[in-house]
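Read top to bottom, the protein sequences are chains A and B.
Counting in the numbering used here, the first sequence runs from 1 upward without gaps.
Counting in the numbering used here, the second sequence runs from 117 upward without gaps.
For glycine and all other residues, C-beta sits at the position ideal for the given N, C-alpha and C.
A quick write-up on the structure given underneath.
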Amino acid sequence: GAVVSQHPSWVICKSGTSVKIECRSLDFQATTMFWYRQFPKQSLMLMATSNEGSKATYEQGVEKDKFLINHASLTLSTLTVTSAHPEDSSFYICSARPRDYNYEQYFGPGTRLTVT
Amino acid sequence: AQKITQTQPGMFVQEKEAVTLDCTYDTSDQSYGLFWYKQPSSGEMIFLIYQGSYDEQNATEGRYSLNFQKARKSANLVISASQLGDSAMYFCAMREGPNRDDKIIFGKGTRLHILP
């Protein structure tokens, strides 16, 4: 089956620093990728939708200057959390849709971010 | 208003029994898709089953079946012959619309505990 990887799987950073999370589709081309965040014991909340070669579409309430999303190629999207604060600590999950999308959407394993 | 409602925050079921997880949805679109995902403690999102709004037959995948009642806007997941490994968080999700960048939104989830 289609595989989506995320790197790193977990990261600890200091308050005020920036962190970049990569999401890669390993064996298919993903024209659309999605970024979610999930707080403990809660549901996945969509942060943004990114299409290859165009600007991401952010959900209401998500700060685009804080969560920078770049979908530079058909296999890679990155999420950069800028000037991270402890409240940004969360589980970040990406998902990718293949070019020949029917209904499949493949999720990455997630990245756990802890900001100290 | 919530688009996806899962009214059971937690359930305890005896091993080998069947279990039904409830999900109701709200949409005015004619074309939409309904999903169920399993999230074990590792955090990965595991796709279980999909039902398109135009599909007349209920979807089935092994031990999983989706009881699709379109008029009632419900999409309950039925797991037959539950196993200990079924203990996890289960999310119902919906994609509104047929397009590539139509987003998937998730319900709050149901935590399922299978008892030996």
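Requested in this report: Within the region 8-76 of chain A, note down every full beta strand (DSSP E) run reaching 3 residues or more, in order along the chain.
Outcome: Runs of the beta strand (DSSP E) inside the region 8-76 of chain A: 10-13, 19-25, 30-38, 44-51, 67-73.
Query raised in the report: Using Cβ-Cβ distances below 9 Å, what residues of the region 139-160 of chain B are close to chain A?
Result: Gly149, Phe151, Tyr153, Gln155, Ser158, Gly159, Glu160
Query - Amino acids of chain A, ordered along the chain, whose beta-carbon sits closer than 8 Å to that of Gly223(B) - result: Ser43
Query raised in the report: In chain order, which continuous runs of the beta strand (DSSP E) of length 3 or greater are located wholly inside the region 152-197 of chain B?
Result: Correct list: 162-168, 180-185, 190-195.
Report task. Work out the CA separation of Ser190(B) and Ser25(A) for me, nearest whole Å. Result -> 32 Å
Query raised in the report: Is there at least one Cβ from chain B nearer than 8 Å to Phe34(A)'s Cβ?
Result: Chain B places a beta carbon closer than 8 Å to that of Phe34(A), counting this residue as a contact.
Query raised in the report: Can you list, in chain order, the residues of the region 81-98 of chain A whose Cβ is nearer than 8 Å to any Cβ on chain B?
Result: Phe91, Ile93, Ser95, Arg97
Report task. Take Ala96(A) and list the residues in its own chain whose beta-carbon comes closer than 6 Å to its own, dropping the five residues that flank it on each side. Result -> Val4, Ser25, Ala30, Met33, Tyr106
Query - Cα-Cα separation, Met205(B) to Ser15(A) - result: 31 Å
Query raised in the report: Can you tell me whether Pro98(A) is buried or exposed, with buried defined as 16 or more other CB within 10 angstroms of its CB?
Result: Counting Cβ neighbours within 10 Å, Pro98(A) comes out buried, since at least 16 surround it.
Query raised in the report: Can you tell me where the beta strand (DSSP E) with Arg112(A) in it begins and where it stops?
Result: 111-115
Query raised in the report: Any contact of the region 136-153 of chain B with the region 164-184 of chain B, i.e. 3+ C-beta pairs under 8 Å?
Result: yes
Report task. Report the neighbours of Gly168(B) on chain A: residues whose CB is nearer than 8 Å to its CB, in chain order. Result -> Tyr103
Requested in this report: Could you tell me whether any Cβ in chain B is nearer than 8 Å to the Cβ of Thr49(A)?
Outcome: yes
Query raised in the report: Taking just the CA atoms, how far does Ser9(A) sit from Gly159(B)?
Result: Rounded to whole angstroms, Gly159(B) to Ser9(A) spans 11 Å at the Cα level.
Report task. Output, in chain order, the set of chain A residues within a Cβ distance shorter than 7 Å of Ile220(B). Result -> Gln105
Query raised in the report: What is the rounded straight-line gap between the Cα of Ser43(A) and the Cα of Ile230(B)?
Result: Taking the straight line from one Cα to the other gives about 21 Å.
Query raised in the report: According to DSSP, which residues form a beta bridge with Glu212(B)?
Result: Looking at the DSSP assignment, Glu212(B) forms a beta bridge with Tyr148(B).
**Report entry** C-alpha gap between Ser54(A) and Ala72(A), whole angstroms
**Finding:** 8 Å
Query raised in the report: Going by C-alpha distance, which of Val19(A), Phe28(A), Ile12(A) is nearest Tyr101(A)?
Result: Phe28(A)
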